[in-house]
Every structure is written in structure tokens, then in C-alpha cells.
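The structure appears below as C-alpha cells.
Protein chains: 2
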Amino acid sequence: MTVRANIRAMKGYTPGEQLNDPGIIKLNTNENPYPPSPRVVEAIQAALTANNLRKYPQPLGDQFRHAAAAVLGIDPDAILIGNGSDDLLTILTRAYVPEGGIVASPTPSYVLYQSLAEIQGAQYQPLRFQADWSRLAEMPAAADITFLPNPNSPSGTVVSADFLKELVHQLEPRPVVLDEAYADFADSNGLQQGLAQAPNVIITRSFSKSYALAGIRFGFAIARPALVRELIKVKDSYNCDVLSLAAATAAIQDQGYFHDIRSKILATRERMVRELTALGFEVTPSRANFVWCRRRDRDVRAIYEELKRRQILVRYMSYPIGPMGSPDEPYTGLRISVGTDAEIDRLLRELQAIV
Amino acid sequence: MTVRANIRAMKGYTPGEQLNDPGIIKLNTNENPYPPSPRVVEAIQAALTANNLRKYPQPLGDQFRHAAAAVLGIDPDAILIGNGSDDLLTILTRAYVPEGGIVASPTPSYVLYQSLAEIQGAQYQPLRFQADWSRLAEMPAAADITFLPNPNSPSGTVVSADFLKELVHQLEPRPVVLDEAYADFADSNGLQQGLAQAPNVIITRSFSKSYALAGIRFGFAIARPALVRELIKVKDSYNCDVLSLAAATAAIQDQGYFHDIRSKILATRERMVRELTALGFEVTPSRANFVWCRRRDRDVRAIYEELKRRQILVRYMSYPIGPMGSPDEPYTGLRISVGTDAEIDRLLRELQAIV
């Protein structure tokens, strides 16, 4: 018995290493180094009743939708809940992309977009960035869906607001998904830029990074209510569980805590950029909770391996092509998550010894 | 901006009513009337640490797989975890069914199978049951996937072991999904019958019913390890969260509790069949945690509505066709979940007043 040829042929997305060794410093999957808001744990405790466990959760997560809508100043019906933002990217691909269709995204970028294209039996169209990452060098002319992660991974960069507006306008009515998993670490985002009003824009957000809740799997999408109604048909009826809904609701309501840990991460990020540059890395200025480090004088893979031997996990990335003007193909580098200050001190000490 | 025509055209699956009124007796979505094992709450409490919340969970749920494999006497690599068994049905549909392909299932049955076909842009092929529900009246000749819920909903019936073997053998190498969401309430199941060894069989299980954990969304599939490896490519990387994994692991390890509540449900079910029959319903003998009740002398929809006015929610179902030989089309009835004895006493009292 065989699955579809497109599934058989694909390699499958490989998530970042999840080593369970508690001694390891994990800077490879952009988790938040700080605990979630104490309100989150309280909310989960409060939701932990026999009746909540044995009964189905709210299919649309109404309590979360109302809480998030109040915080963001939007219509609750403009919100779609997801079991992590990957669930939302999956729902969007299934909603828009026919077999043999086209999925476009920048490259180098989140490699899941290509996996989603392969699962759907669609073609994947990579789009190159300009050398300064502020625009795409080409437009996805005929794509059934275009994913634009902003900030982008692994570069940590954002495209300019002008380019974003231009892209959305030029592709209309074709859908543009602004994957804003890292937007909480940037200075601006698509929602603030009014893009959620555009008829062809869907914004996706994650609780895994800025809210320190990767373990509970929660994300949401923002789009026009008429579109959200169509996407509801595609999602699993009960895609979010009662505890993650309670956790996400409490997390988004504690904006004070959110801003506190965000500020700490941004401060550490700026220090990482400075000190890694001083160690000879080419560090791209980051608007996310990680930094992208390359170097021409030596193989970064060896540095990744040496760090791993020293109990520090960063992510070694190798892409078939880089942004315009990049001299190297494959385009390789280390994506290093922003950790606590103590973790980053240790990283910098080890790197000093290595390079 | 429009989603695919197949999505636009579909009505979408409607989950059972989830009324939040705490005074209501909810017998409409086959939730377990008993709380989950006390070990489950303890396990969630123990897993509720900042590190677990902020870090990604195990992508394949290794701890759960080992625990379940030990209980069931199977290979851990034969297990695929799912965010509810709906997630597994979705993964299987995406893995096997091309656009324009065929999804087959019995009818009347779980209506999600048709929704999954529609989302995938595939054709749905309904298959009629024989009058006694023990076999299908026809074979799904060219289906890309065949879903066979066993026990079936709304009938609560199982097909014969002989028929099951015949179906699996005859369809080989085409995949047969034994949807065993309700199998824990039956006398036998596909795993015990050796069907998980067949190269074209995937068994799916749910924690929503027999383990009283609908709120946490957890299910799993059993198939040959080589096939599980293909399905892993299709699932979202982190489809199950750290708390639901802890809950499911504790639940499956507490087989004593599981058998206790199962026995109570089976005893109440037999009483429901007897007393509802005495009240003039045609009740199909059930192997699930609900009973299927019809009557020819009056409209069951009016009974459903009258019960709802009296704060008891059951599920009114209307299908375009019934099993072979059914005189009525549409084929209608009430699907009533097995509640606690007190809930069922109240149901029977109200029904006595109504009919």
C-alpha cells in the first residue's frame, strides 16, 4: 500500500533537535528563554477540572477570540484559532492551493512552506530577496498562495512597509499570508500597517515565541470575517484544546509581562549582534528573537558541531540559494536564538575559544 | 479573494451543540459522563512547568508511544500521535487522496468523511449497510481511501469480523481506515483481530470517549512502521502539546480506572436499550457509548426539541439514506449518549412524559 507519489517523494520537514539533556543550552528553535506569564499557569490550573477535560472545547475558541480582539482592537470574527501557527499555514494551503497549483515564498526562509506545497501536490516557487532583504527581487506572478514571513527566518529581517503594500496590492485578489510568528519582536507589523483590512491578506501569529508557549501549541490568524468563515470549514472542528485556549487567553491579557520579557530579549539581541560581530561573524541586523550569523573565513558547520560538543545547541542552516548578490551557494550560516543573558555570556565565551 | 471552489461549495461539518449552561444534561456528543482518571490531573499538574510550556513538545510523542505500546503489546514505531482522531483522519486523507480521487465510507455514518473528501477536492462515495448492519451491501471498488467506523455512529453497530477481514483483503493494496473511536466499548476490535498487521490497514483511536478526555484533543493511529514513517511527513511537526501528551500517557497507563468506567457505561447502556424500547423506540443494539433510537409513530425531531426545552440535549440526526431495507428516506433518529445513571433516570422520566 502506498501513499500518494508526492508524499512518497518528499523528504519531510525536519524540526529542530529537541535534546532532553537538561544541561544543554538550547538556542536552536527560537523558544523564549523566559517562562510564560505566571497568569498562564494559574489559568491552566483553574481550567483543570474534570468537566473541562471530559467535554469538547469551544470549536472557535470564543473566549480567546474576545480577549485577543480586545487587546488588538479588532473584530473577534476576524480571528481564527490554530493548533500552533503551523496548523494555520496548513489550513490556508488546503483552502487555496489545488493539486498542481503554485505555492510561493521567499528563500532562504521557513522551509515548511515547501513541505506544505509538496503535501498538497503543488509546485513550490522560491523567490529571491534583494541583497539588503528589504524587498523581493521578483513577484510571485501566478501563485495560488504566497507566504511572506515577516520578520523572515533565518535572516531576522523585515521587508519595507512600502514593499509590503506594493506586494499585497499587486497580487490582489491572490492571497498573501503574512507569517508574523516573529512580528512581536519587530518595530511594526502588518496589523499596525492596516493590512488585515486588505481583502487578500491573512496574518498569522504564534504563541510559541513572544508568549513563551511553544509547549502548548497555539496560534491565530487575522483576516476579514467572510474569509475566516471559509477557513473554519477547513480546520478540524476542535483544533485547539481547553487548556491551550485557557493559556493563550491568559497570556494575551497579560500585556505587561509580555512587554517586560520582550524588552529583555531585544536588549540581549542587540548585545549579541555587537559581540558576535566583534568575534568576526557577519551578523544580519535582526528584528526577531534570533540572529543570523555567517562567516567567510571558515566553515560554520564545524562551529555548530564544536558548540554542540560544548553543550550549546544552535541551528546550522544550509539553503540552495541566498539573497541576490550572495557569493555563496549553498548559502550557509548559524541561526542563534536569543537566550537569557547568562546563556549568551556562556555562548560568547565558548565562541571566543573556538574562533 | 476566493478560496478553492470545492471549499466555497461545501457546507462544512457542524459539530454537536456545545451549550455552556451548567444545568443542561448533555447527551449529544458522546462525551464520557465520568471524570478522567485522577492520575491524568496529577500528570498534567506535574507537567505544568515553565520549561515544558516554553519549549516545543516531543514531535512524535515518544513517551506516549512507549506507554501505549506497552499497554497494547505493539511496536512503539507502529503508533502515530494525533491532535484528536480527527487530526489523524485529516492526515490520512491528505496522504492518500489526490484531487479528483475517491473517499468511501458507509452511510449513515460519521459525516466528517464527506467533509474531508470535499476539502481535498475528491468525490465522496457512500456505501450502504445491509439491513442488520453486519456488512456493507457493496464494496468500494476504486476508492483511494475507505473509512470504516467500527462501531459505527449513529447506529452503534459493528460489522462482523468475517466481513472486516474480507473487506481488508479484497481492497488490498488500497487503504482501509478502521475508525475505532468507539471500539473500547465493543467486545472486540481490529487490533485484537490482528488487522494492524495487514499492509493496508490503519486503525485510529480516540481519547475523547473511553478515556473521558475530549477537552484535551488526543488520538493515535496504529499501522505498520513503514507506513507511519510516511504519515509523519504529512502531520504538523508538533501536532500534540506537552500537556495532552502527559494526560494521554497517564490515562492509558491507568487501565484499572479505564475498565471501571467502561463497565459502568456498558451497564447503563443495556438499561437504556431496555427502557427506551419499552417506551416505544426502535433501539439498535449498541456496541458504543450511545444508542440509536428511531420511531415510526411520530417525528423524533419534535422529541429532540421537547427534550431540549427540558434541558436535555440529545442529537437529532437526518441522513439522505439509511441501511438497506430502511423504509424511510430521509433516515432520521435520535443518537443519545450514555450518561450517568442519574442523567439517564432523568432522561427516561422526561421521555415518559413526552411520548
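Residue numbers (the working numbering), protein chains in the order written: chain A, -6 to 348; chain D, -6 to 348. We treat Cβ as the ideally placed atom computed from N, Cα and C, and that holds for glycine.
- Selection A:Arg339, A:Gln345 and A:Ala239 evaluated against Ile18 of chain A yields A:Arg339 as nearest (Cα-Cα).
- Between Thr242 of chain A and Phe57 of chain A, the C-beta spacing is below 9 Å.
- Taking the Cα of Ala110 of chain A as reference, the smallest distance to any Cα among A:Asp253, A:Gly54 and A:Val96 is reached at A:Val96.
- With contacts defined as CB atoms closer than 9 Å, Pro168 of chain D and Gly114 of chain A fail to qualify as a contacting pair.
- Going by beta carbons, Tyr204 of chain A and Ala281 of chain A fall outside the 9 Å limit.
- The beta strand (DSSP E) runs of length 3 or more contained entirely in the stretch 138 to 209 of chain A are, from start to end of the chain, 138 to 142, 169 to 172 and 194 to 199.
- Residues Ile37 and Ala40 of the same chain have their beta carbon placed closer than 6 Å to that of Leu236 of chain A, with the five preceding and five following residues left out of the count.
- Sorting A:Val194, A:Gln190, A:Asn145 and A:Asn182 by C-alpha distance to the C-alpha of Leu160 of chain A places A:Val194 at the top.
- The straight-line gap separating the alpha-carbon atoms of Gly9 of chain A and Arg287 of chain A is approximately 19 Å.
- Ranked by Cα distance from Pro192 of chain A, the first of A:Gln163, A:Asn182 and A:Ala179 is A:Gln163.
- Taking a contact as a CB-CB distance under 8 Å, the pair Arg198 of chain A and Ser78 of chain A counts as one, their CB atoms being some 7 Å apart.
- If you look at Ile296 of chain A, you'll find it in the alpha helix (DSSP H) that goes Val293 to Arg302.
- Positions of the beta strand (DSSP E) runs, each at least 3 residues long and wholly inside the stretch 257 to 342 of chain A, are given as 275 to 277, 283 to 287, 305 to 312 and 324 to 330 in order along the chain.
- Cβ proximity to chain D below 8 Å picks out nothing from the stretch 151 to 164 of chain A.
- Contact residues of the stretch 331 to 348 of chain A toward chain D are absent (C-beta to C-beta distance below 9 Å).
- Interface annotation for the stretch 46 to 63 of chain D against chain A: Leu46, Arg47, Lys48, Tyr49, Pro50, Gln51 and Pro52, criterion Cβ-Cβ distance under 9 Å.
- Annotated three-state conformation of Arg128 of chain A is coil, per DSSP.
- The beta carbon of Ser108 of chain D sits closer than 9 Å to some beta carbon of chain A.
- About 10 Å separates the Cβ atoms of Ser181 of chain A and Ser153 of chain A, ruling out a contact at the 8 Å cut-off.
- Approximately 5 Å separates the beta-carbon atoms of Arg262 of chain A and Val331 of chain A; this is inside 8 Å, confirming the contact.
- Interface residue (Cβ-Cβ distance to chain D less than 9 Å): Pro320 of chain A is not classified as such.
- Close partners of Tyr6 of chain A in chain D (Cβ separation under 8 Å): Lys226 and Ser230.
- Residue burial annotation: Asn143 of chain D is buried, with at least 16 other C-beta atoms found within 10 angstroms of its C-beta.
- Residue nearest to Gly149 of chain D within the set D:Glu299, D:Met317, D:Arg328 and D:Ser279 is D:Ser279 (criterion: CA-CA distance).
- Using beta-carbon distances, Ala39 of chain A does not count as an interface residue toward chain D, since no partner is under 9 Å.
- Residue pairing from DSSP places Ile95 of chain A in a beta bridge opposite A:Gln116.
- From the listed residues D:Gly54, D:Leu73, D:Ala61 and D:Arg1, the smallest Cα separation to Val227 of chain D is found for D:Leu73.
- Leu157 of chain D sits away from Val33 of chain A, with the two beta carbons spaced by 9 Å or more.
- In summary, the residues of the stretch 62 to 93 of chain D whose CB is separated from some CB of chain A by less than 7 Å are Asn76, Gly77, Asp79, Asp80, Thr83, Arg87, Ala88, Tyr89, Pro91 and Glu92, in the order they occur in the chain.
- For the pair Phe140 of chain D and Leu259 of chain D, the CB atoms are not nearer than the 9 Å cut-off.
- For the 9 Å CB-CB criterion, Ile196 of chain D and Ile215 of chain D form a contact.
- Taken through DSSP and simplified to helix, strand or coil, Thr86 of chain D comes out as helix.
- Linking Ala244 of chain A to Tyr324 of chain D through their CA atoms gives a straight-line distance of about 47 Å.
- Going by DSSP, Phe213 of chain A is part of no alpha helix (DSSP H) but of the beta strand (DSSP E) stretching over Gly212 to Ile215.
- Non-local C-beta neighbours of Trp285 of chain A in its own chain, meaning closer than 6 Å and more than five positions away in sequence, comprise Pro147, Ser148, Gly149, Thr277, Gly326 and Arg328, ordered along the chain.
- In the three-state reduction of the DSSP assignment, Lys19 of chain D falls in the strand class, which pools E and B.
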